[in-house]
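**Student:** What follows is a structure written as structure tokens; I'll ask about it next.
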Amino acid sequence: MRTQVGIIGAGPAGLLLSHLLHLRGISSVVLEKRSRDYVERRVRAGVLEQGTVDTLVEAGVGERMLREGLPHHGIELRYGGAGHRIPFEKLVPGRAITVYGQQEVVKDLIAARLAAGGDVRFEVEDVAVHGLDPASGSGPYLTFGGERLDCDVIAGCDGFHGVSRPSIPEGVLSIFEREYPFAWLGILAKVAPSSEELIYTRTERGFALHSMRSPTVSRFYLQVPADAREEDWPDERIWAELKVRLESVPGFTLATGEIMEKGVTPMRAFVTEPMQYGRLYLAGDAAHIVPPTGAKGLNLAVADVRVLTEALAAYFADGSTALLDGYSEACLKRVWRAQHFSWWMTTLLHTFEDDDPYARRLQLSYLDYVTSSEAAATTLAENYVGLP
Ligand code: APR
Ligand code: PHB
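Here the sequence shown stands for residues 1 to 388, numbered as in full-length UniProt numbering.
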């Protein structure tokens, strides 16, 4: 078998890349380890930047998102007994975010790929990358389940735990990473949101986030110890802790309901440089991950794919490699801005065990600054809605 672009992974990065390439007349095959049902049900974050929304609409996969997604024009920072709104409409006019679950984006992309006759294969075992070394003479190809797929280019969109990054020879990549000493426990609950906007809360007991998915479904996160297990957190304990942390301003009552999904996410940051080797290009979580406090993971994946699509379109049009050669450099500027923003939001809002009273005062002082200075609030707002 042969295709122009062999894509590993059917997350948002791989599926969107396949679809954008199709719109440019470029063929691809997507190889996904998990089942379609599994990837469509996997609950992840759900904040889309304006640029992400625009990309999905332009690609013709934004119809349901525009109908069911929830546009937001601000967020609340809650700490010290009060809530403070960061008003996007005032600070970054014309820019907003849309709350729409990542697995809904994935469902829409899979439906669009299949409707267009796209080749997306699920439950594909033992995908392996070959022929990356330009000296190998064979050109890049993928093997899986006894088959071979020759490609002009391979896109590694297989997430943090995928096979594409480890197939790059030792010594080529520089890795930058940070592990945070805590995790997030996330839940999806059958209950109307208790707030119209997202609430990011800092308390002495740790961080909490109130988000939502629809008028009847809410999403919450709690800062928990890094070694927390789901078993440690029966539903009653989760609601009790969410209540203590979120009911920290007068007059706010948290509505509770049936918990439909529960999961612990480690908090870490990771960047690989460069994001390419030979004719293999990494995109999304395969190349970088951020702690979710800034809601940047999915948006970075979409941004990578936009850059890669342009580079591949130029390459397949006339063989020019300038954009492909500059792919990594073009992506890494945005990647590092998002790394910094995600670190900043995380540091601002979480409790760190080894923080002394001085460090905690600094944190509160910074929060006061962000919620009282227009310049500081604009820094948060323009990064949150997404830089151009
Ligand atoms: N072979 C085939 N597929 C694989 C392999 C493999 N060896 N390893 C992983 N995969 C698949 C995973 O099952 C997953 O469906 O690759 C896909 C990667 O998708 P994501 O993890 O969703 O990564 P990405 O598409 O880059 O999207 C980034 O996902 O983790 C969130 O916060 C992150 O929102 C961001 C988004
Ligand atoms: C979510 O709704 O899942 C969500 C929202 C904001 C974040 C992270 C996750 O910062």
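For every residue, glycine included, the Cβ atom is placed at its ideal position computed from N, Cα and C.
1. In the DSSP assignment, the alpha helix (DSSP H) including T378 goes from what residue to what residue?
2. Return the Cβ separation of residue 403 and M212 in integer angstroms, given the expectation that the two are a contact with Cβ distance under 8 angstroms.
3. Can you give me the C-alpha to C-alpha distance between L56 and P225, rounded to a whole angstrom?
4. Using DSSP's beta-bridge definition, name the partner residues of H80.
5. Give me the DSSP bridge partner(s) of A183.
6. Is S320 near ligand 2, judged by its Cβ being under 7 angstroms from some heavy atom?
7. So, with DSSP's three-state summary, where would you put S214?
8. Would you mind stating whether Q103 and G386 have Cβ atoms separated by less than 8 angstroms?
9. For the beta strand (DSSP E) that contains H130, what are its first and last residues?
10. Pull up the CB-CB distance for G162 and D150, whole angstroms please, since I reckon it's below 8 angstroms.
11. Per DSSP, what kind of secondary structure is P292 in: helix, strand or coil?
12. Looking at the unbroken beta strand (DSSP E) that takes in V29, where does it start and where does it end?
13. Less than 8 angstroms between the beta carbons of S320 and A255, yes or no?
14. Could you check which residue in M1, P12, D325 has the C-alpha nearest to that of A301?
15. Going by Cα to Cα distance, which pick from S214, P388, L348 is closest to A303?
16. Does the beta-carbon of R219, which I'm using as the reference point, lie nearer than 7 angstroms to any heavy atom of ligand 2?
17. Looking at the secondary structure, which residues open and close the beta strand (DSSP E) in which H73 lies?
18. Could you give the first and the last residue of the continuous alpha helix (DSSP H) run that contains E58?
19. Name the DSSP beta bridge partners of Q276, please?
20. Alpha carbon to alpha carbon, how far is L282 from E196? Give it in angstroms, no decimals.
21. Just to confirm before moving on: does the CB-CB distance between T346 and L77 stay below 8 angstroms?
22. From L222 to W336, what does the alpha carbon distance come to, in whole angstroms?
23. Here's a check: name, in chain order, each residue in its chain whose Cβ is nearer than 7 angstroms to the Cβ of G146, leaving out the five neighbours to either side.
24. Excluding five sequence neighbours on each side, which residues of the same chain lie with their C-beta closer than 8 angstroms to the C-beta of A82?
**Tutor:** According to the data block:
1. By one-based count along the sequence shown, residue 378 stands at place 378. It spans 374-385 - the alpha helix (DSSP H) in which T378 sits, taken as one unbroken run.
2. Since the first and last residues shown for the chain are 1 and 388, residue 403 lies out of range.
3. Along the sequence shown, one-based indexing puts residue 56 at 56. Along the sequence shown, one-based indexing puts residue 225 at 225. Each residue's alpha carbon lies about 36 angstroms from the other.
4. Here residue 80 refers to the residue found at position 80 when the sequence shown is read from its first residue. First, the amino acid is wrong: residue 80 is Gly here, not His. Answer by DSSP bridge pairing: none, since G80 is not bridged.
5. Counted from its first residue, the sequence shown places residue 183 at position 183. V224, P266.
6. Counting from 1 along the sequence shown, the entry for residue 320 is found at position 320. Checking the 7 angstroms criterion, the Cβ of S320 is out of range of every heavy atom belonging to ligand 2.
7. Here residue 214 refers to the residue found at position 214 of the sequence shown. Taken through DSSP and simplified to helix, strand or coil, S214 comes out as strand.
8. Counting from 1 along the sequence shown, the entry for residue 103 is found at position 103. Counting from 1 along the sequence shown, the entry for residue 386 is found at position 386. It is not a contact, given that the beta carbons lie outside the stated cut-off.
9. For the purposes of this step, residue 130 is taken as residue 130 along the sequence shown, with counting starting at 1. H130: member of the beta strand (DSSP E) spanning 128-130, first to last residue.
10. Here residue 162 refers to the residue found at position 162 of the sequence shown. Here residue 150 refers to the residue found at position 150 of the sequence shown. So it is not a contact: roughly 20 angstroms between Cβ atoms.
11. Along the sequence shown, one-based indexing puts residue 292 at 292. Helix, per DSSP.
12. Here the question's residue 29 lines up with position 29 in the sequence shown. Start and end: 28-31.
13. Along the sequence shown, one-based indexing puts residue 320 at 320. Along the sequence shown, one-based indexing puts residue 255 at 255. When the beta-carbon positions are compared, S320 and A255 stay at least 8 angstroms from each other.
14. Here the question's residue 301 lines up with position 301 in the sequence shown. Of the listed residues, the one whose Cα sits closest to A301 is P12.
15. For the purposes of this step, residue 303 is taken as residue 303 along the sequence shown, with counting starting at 1. Sorting S214, P388, L348 by C-alpha distance to the C-alpha of A303 places P388 at the top.
16. Here residue 219 corresponds to residue number 219 of the sequence shown, with the count starting at 1. The closest heavy atom of ligand 2 lies less than 7 angstroms from the beta carbon of R219.
17. One-based indexing of the sequence shown puts residue 73 at position 73. Counted as a single uninterrupted DSSP element, the stretch harbouring H73 is not any beta strand (DSSP E), since DSSP gives it neither H nor E.
18. Indexing the sequence shown from 1 puts residue 58 at position 58. 50-58 is the span of the alpha helix (DSSP H), which, as asked, contains E58.
19. Position 276 of the sequence shown holds residue 276. The beta-bridge partner set that DSSP reports for Q276 consists of Y281.
20. Start at 1 with the first residue of the sequence shown, and residue 196 comes out as number 196. Start at 1 with the first residue of the sequence shown, and residue 282 comes out as number 282. For the pair E196 and L282, the Cα-to-Cα distance works out to about 37 angstroms.
21. As a first step, residue 346 must be located in the sequence shown, where it is residue number 346. As a first step, residue 77 must be located in the sequence shown, where it is residue number 77. In terms of Cβ geometry, T346 and L77 do not form a close pair [threshold 8 angstroms].
22. Numbered from 1 along the sequence shown, position 222 holds the residue referred to as residue 222. Numbered from 1 along the sequence shown, position 336 holds the residue referred to as residue 336. Looking at the two C-alpha atoms, the distance is approximately 26 angstroms.
23. The residue you call residue 146 lines up with position 146 of the sequence shown. Same-chain partners within the cutoff: there are none.
24. On the sequence shown, residue 82 is found 82 positions in, with the first residue counted as 1. Only residues of its own chain outside the window of five on either side were considered, and among them V249 have a CB closer than 8 angstroms to the CB of A82, listed in chain order.
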